[in-house]
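Read the structure below first, then the notes.
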Amino acid sequence: MQRILQRGEIEALDHNALPRLRLPARDSVFADRAARLRQLAEDSPVGDYLALMATLADAQQRALADCATPAPSAERIGLAQAHGMPPLQAMGWPRDSAWRDVLRRLLDDVAAAPAVPPEAVQACGALRHALDDDPAAIEQLADAVLAESQDGIDGAAAPFVMGALQVVWTDMATRFDAAQLPVVSPFGVCPLCGSLPVASVVRIGGQYQGYRYLCCSLCAAEWHMVRVKCSHCESTEGIAYHGVEGGPEAIKAESCDRCRTYRKIFYQEKDVRVEPVADDLASLVLDVLMGEADYSRASGNPLLWQEEE
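And the structure:
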């Protein structure tokens, strides 16, 4: 009989024995997201938006195939290792302006795709003009989405800006040598790029069987974290799991009574097709229920932004 490891035993495992990091699959990361979004859109009250984001994900996959972002320098890698910081840190480092070329391509691809709503085409056109007329404003918007700031955010433009940034950082992540990752990384953020996780997945199959991985909202990397532990404040007390009555068993909200936050957790053993960004976006009913129970999201979905009223 297979013995289930307890939390302390898992934490004590050698880093080489436990797959600490899962890098994104370059050939399929966004294509898989697009396919899942379309599948979920069929029976969703927000199906039109899921379908639009699927079109964006398809464009991201095509852009990723041609993306060649400069790798971090040896000096930057050395600093990250010395200070236990993410080597592909998204905030606080100069951003290659080539990301705006990726954004142009995404906007053109989405606007030209069949069945895209007129409002989305208009939003793409407006953002395309802003890229040419005021690139500094677009850079400020990029800073805001990377910081998950809602202050002055353009809710229509933000998913496309984030989409371009995702392509650039996912490109770097797919080419990163995991052996260069610092031994110790800050808690609660992606050890590769420093961004917040969108959700977590309990994986099945091979060396990942039964392990929980937090999923980066930016570079699509995943990193191991023990189960029944708050991914926001590290508490192991007052952890509970919530679902929608009659809803899919593969989706739960993991809440913490210490910090009153939650993140969703997905179980591949219940549905092997789960994709963190897509399934989080499609399960807004669970977010409503958690809000009614006085819990707050620990972090947002990279494809959904709300303008402050």
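The letter at position 117 of the sequence shown is residue 123 when you use the numbering used here, and the numbering goes up by one with no holes.
All C-beta atoms in this analysis are idealised placements derived from N, C-alpha and C, irrespective of residue type, glycine included.
Since the model is a prediction, treat every value here as computed from it, not as a measurement.
Other residues of its chain near residue i: CB distance less than 7 Å, five sequence neighbours each side excluded
i	result
R82	P93
S289	I257 and K270
T61	V116, A119 and V122
A205	C221, R269, K270, I271, F272, P282 and D286
D300	R266
W229	R26, L27, C196, P197, Y219 and L220
G84	none
For residue i, the residue or residues it bridges with in DSSP
i	result
L27	W229
Y247	E260
F272	V207 and I257
T267	C262 and S302
Under the three-state DSSP convention, the category residue i falls into
i	result
C239	coil
T176	helix
I83	helix
Q156	coil
F182	coil
Q215	coil
L198	coil
G161	coil
V167	helix
Terminal residues of the beta strand (DSSP E) in which residue i lies
i	result
R218	R218 to C222
6 Å CB neighbourhood of residue i in its chain, flanking five on each side removed
i	result
C265	H238 and C239
S305	L202
A170	W105, V108, L109 and L112
C130	L113, V116 and A117
C225	W175, T176, A179, L198 and C199
Distance cut-off 7 Å: residue i Cβ against heavy atoms of the ligand GDP
i	result
P141	The ligand GDP is not part of this structure, which contains no ligands at all.
Residue i, enclosing alpha helix (DSSP H) - first and last residue
i	result
M59	G53 to D72
V190	No alpha helix (DSSP H) contains V190, which DSSP labels as neither H nor E.
D38	V35 to A47
8 Å CB neighbourhood of residue i in its chain, flanking five on each side removed
i	result
R303	T267, Y268, R269, D293 and M296
G90	P188, V189, V190, S191 and P192
N307	V204, S223, V283, D286 and L287
A153	M97
V174	C73, T75, D102, A104, W105 and V108
Short CB-CB distance (under 8 Å) between residue i and chain D
i	result
L224	Among the chains in the structure shown there is no chain D, since it carries only a single protein chain.
What alpha helix (DSSP H) runs, 4 residues minimum, are completely inside the region 277-314?
-> Fully contained in the region 277-314 are the following alpha helix (DSSP H) runs of length 4 or more, in chain order: 282-288 and 290-298.
Which full runs of the alpha helix (DSSP H) of 4+ residues lie inside the region 87-152, going along the chain?
-> Taking only runs of at least 4 residues, the alpha helix (DSSP H) segments lying wholly in the region 87-152 are 105-118, 124-139 and 141-152.
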